[in-house]
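Chemist: Submitted below is the structure of interest, expressed as structure tokens.
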Amino acid sequence: VQLQASGGGLVQPGGSLRLSCAASGSIFSINVMGWYRQAPGKQRELVAAITNGGGTNYADSVMSRFTISRDNAKNTVYLQMNSLKPGDTAVYYCNLVNVRLVVKLDYWGQGTEVTVSS
-10 VQLQASGGGL VQPGGSLRLS CAASGSIFSI NVMGWYRQAP GKQRELVAAI TNGGGTNYAD
50 SVMSRFTISR DNAKNTVYLQ MNSLKPGDTA VYYCNLVNVR LVVKLDYWGQ GTEVTVSS
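Take -10 as the starting number for the sequence shown in our numbering and just add one per residue.
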């Protein structure tokens, strides 16, 4: 499985960005796609995730500001980020977990940098 992320960049506080991540390869019918981020000196953390059925999960810090969505036909996940804050500055990583019975296979994209600064 390959994950290609795009959409990062520099934005002013209060601005918006939309990240995209296209998956290719052997993708199971049951899977979870998501976004993680890692700021300098901090651990990687979950931002948001979405199942193939549309169930979502968000970090408290981004609730009501970020929206995750996916297009199953295109195997693509999106992260709409609004009201961005300097604290959102990080490298954002796309993630896909293939699920089959008790087996979970984890895949990561290359990361896209988001900088929120005036």
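Note that beta-carbon positions come from the ideal geometry of N, C-alpha and C, so glycine has one too.
Closer than 8 Å by C-beta to Arg89: which residues in its own chain qualify, once you throw out the five before and the five after it? Chain order, please.
Modeler: By one-based count along the sequence shown, residue 89 stands at place 100. Same-chain partners within the cutoff: Phe17 and Ile19.
Chemist: Out of Lys31, Gly100 and Lys93, which has the shortest C-alpha to C-alpha gap to Gly76?
Modeler: Locating residue 76 in the sequence shown gives position 87, where the first residue counts as 1. Per the Cα distances, Lys31.
Chemist: Smallest Cα separation from Ser106: which of Val36, Gly(-2) and Ala37?
Modeler: As a working mapping, residue 106 is identified with position 117 in the sequence shown. Here the closest residue by C-alpha is Gly(-2).
Chemist: Whether or not the segment 32 to 44 and the segment -10 to -3 are in contact is what I'm after, with contact meaning three or more pairs of Cβ atoms, one per stretch, closer than 8 Å; do they touch?
Modeler: Result no; under three Cβ-Cβ pairs closer than 8 Å.
Chemist: Assuming Asn87 is part of the beta strand (DSSP E), what are its boundary residues?
Modeler: Locating residue 87 in the sequence shown gives position 98, counting from the first residue. Ala79 to Arg89 is the span of the beta strand (DSSP E), which, as asked, contains Asn87.
Chemist: For Glu102, I'd like the list of residues in its chain whose CB is within less than 6 Å of its CB, leaving aside the five on either flank, ordered along the chain.
Modeler: One-based indexing of the sequence shown puts residue 102 at position 113. For Glu102, where only same-chain residues beyond five positions count, the Cβ hits under 6 Å are Gly(-3) and Val80.
Chemist: For Glu102, is the beta carbon positioned less than 7 Å from some heavy atom of the ligand FAD?
Modeler: In the structure on display, the ligand FAD does not appear, and there are no ligands present to speak of.
Chemist: Suppose the cutoff is 7 Å on Cβ atoms and the five residues either side in sequence are ignored; what does the same chain contact list for Pro2 look like?
Modeler: Translated into positions along the sequence shown, residue 2 becomes position 13. So the list reads Leu73, Lys74, Pro75, Val105 and Ser107, once near-sequence residues are dropped.
Chemist: Using alpha carbons as the reference points, say which of Lys63, Ile57, Trp24 and Ser15 lies closest to Cys83.
Modeler: Counted from its first residue, the sequence shown places residue 83 at position 94. Residue Trp24 is the option with its Cα nearest to Cys83.
Chemist: So Thr78 and Cys10 are supposed to be a Cβ contact under 8 Å. How far apart are they, rounded?
Modeler: The count along the sequence shown starts at 1 and reaches residue 78 at position 89. The count along the sequence shown starts at 1 and reaches residue 10 at position 21. Contact doesn't hold; Cβ gap of about 19 Å is too wide.
Chemist: Under the rule that 16 or more other beta-carbon atoms within 10 Å means buried, what is Val92, buried or exposed?
Modeler: Against the sequence shown, residue 92 aligns to sequence position 103. With fewer than 16 other Cβ atoms within 10 Å, it is exposed.
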